[in-house]
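Q:
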Amino acid sequence: MKIAILSRNPRLYSTQRLVEAARARGHTVRVLDPLRCYMAIAPGAFRLRYKGRELSGVDAVIPRIGASVTFYGTAVLRQFELMGAYSPNPSDAILRARDKLRCHQMLAGEGLGLPLTVFGDNPDDTEDLIGLLGKPPHVVKLNEGAQGNGVVLAETASASRSLIEAFRGLYANFVVQEFVAEAGGADLRAFVVGDRVVAAMKRQAGEGEFRANLHRGGRASPVRLSEVETETAVRAARIMGLGVAGVDMLRSKRGPLVLEVNSSPGLEGIEAASGVDVASAIVSLAEARVLEAGRGRPRRPRRKHRA
């Protein structure tokens, strides 16, 4: 099977692990910088070129598209899809997941638990908007932030107002959420591949920090999810249309609350904490889907000949 990995940096841990896993299973794999891919679009004639050469015959594409290149990266992925390539995370699903407001609306529409979230545009409505959340602390989040960037804790109502005014002054899209104190500065990351959770970890925020992201100094440890937590993670990924997802949840008195559904979850933290070969699970999913569609034939892993 011919696999393309869309990644701006081939040296990243997640990219390297996917390359290793694909090659170990006997596939041809190539890392492509999505910003160096360019396309020609015509009825019934979709073409992609990379650094002056034609891209064709790709069976599966595994996207590792960063938030800063979402628009162009998903356009490239969509072109691959139109040319018949399979992706565990389709372009439209990535766009849905990247929009936090849309994601929350879709999850809530299916009855999944999440922190109370408010959103408004007019400054005249700010006071009432904050009132809908109740007493602070409140969490203000940029709509398209990642790895804890653009997530700020407001300890008082006046701080919430100031942050909202500042974000509006920057013409930023953002949501405001209740702060779930009983989570104790910890969250859960469930790594969904296909229709199951293949690995999970608990992330604990560092001292003086409320964000549990590993990029923010959070500590990771293996965790056993409850049946409800597992079901919530799988449903969240399915609602977003993602075959590979990192579903972040809080443990609360009213059950698991979904914080985010990440369409490009990192592998380093989850593999280290859980000891699970997540990269191979992702490649295995691609193999199975390509075979089901009759688009390719995976090669058998290479075996060393005995002397």
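Adding 224 to a residue's 1-based position in the sequence shown gives its number in our numbering.
Note that the Cβ used here is the ideal one computed from N, Cα and C, for glycine as well.
Note that this is a predicted model, so its numbers are computed, not measured.
Using a threshold of 7 Å, is the CB atom of R326 nearer than that to any non-hydrogen atom of the ligand COA?
A: Judged by which ligands are present, the structure shown has none, so any question about the ligand COA falls away.
Q: So the candidates are A266, V482 and Q303; which of them puts its Cα closest to the Cα of S280?
A: If we check each option's Cα against that of S280, Q303 comes out closest.
Q: Using the DSSP secondary-structure output, state which residues sit across from D445 in a beta bridge.
A: Just to set this straight, residue 445 is Ser in the shown sequence, not Asp. Its beta-bridge partners are K426.
Q: If I follow the unbroken beta strand (DSSP E) through A469, where does it start and stop?
A: Per DSSP, A469 belongs to the beta strand (DSSP E) from V468 to S476.
Q: What three-state label does DSSP hand P287 in the structure shown?
A: Note: P287 maps to strand in three-state DSSP.
Q: Leaving out five residues before and five after V404 in sequence, what residues of the same chain have Cβ atoms less than 7 Å from its Cβ?
A: Same-chain partners within the cutoff: P339, L474, S476 and L481.
Q: Please give the ranges of any beta strand (DSSP E) in the region 256-329, keeping only runs that are unbroken, at least 3 residues long and fully inside the region.
A: Runs of the beta strand (DSSP E) inside the region 256-329: 261-266, 269-274, 277-279 and 284-287.
Q: Nearest-angstrom Cα distance between V471 and R273?
A: Distance between the alpha carbons of V471 and R273: 34 Å.
Q: Assign A410 to one of three DSSP states: helix, strand, or coil.
A: Note: A410 maps to strand in three-state DSSP.
Q: Using DSSP with H/G/I as helix, E/B as strand and the rest coil, what is S231?
A: Three-state result, S231: coil.
Q: Short of 6 Å in beta carbon distance, which residues of its chain neighbour I227, apart from the five on each side in sequence? Order them along the chain.
A: So the list reads A246, H251, V253 and A284, once near-sequence residues are dropped.
Q: Can you round the beta-carbon distance between A321 and M464 to whole angstroms, since I take them to be within the 8 Å contact cut?
A: Their Cβ separation, rounded to whole angstroms, is 5 Å, which keeps A321 and M464 in contact under 8 Å.
Q: What are the boundary residues of the alpha helix (DSSP H) that E492 is part of?
A: Note, E492: alpha helix (DSSP H), E492 to S498.
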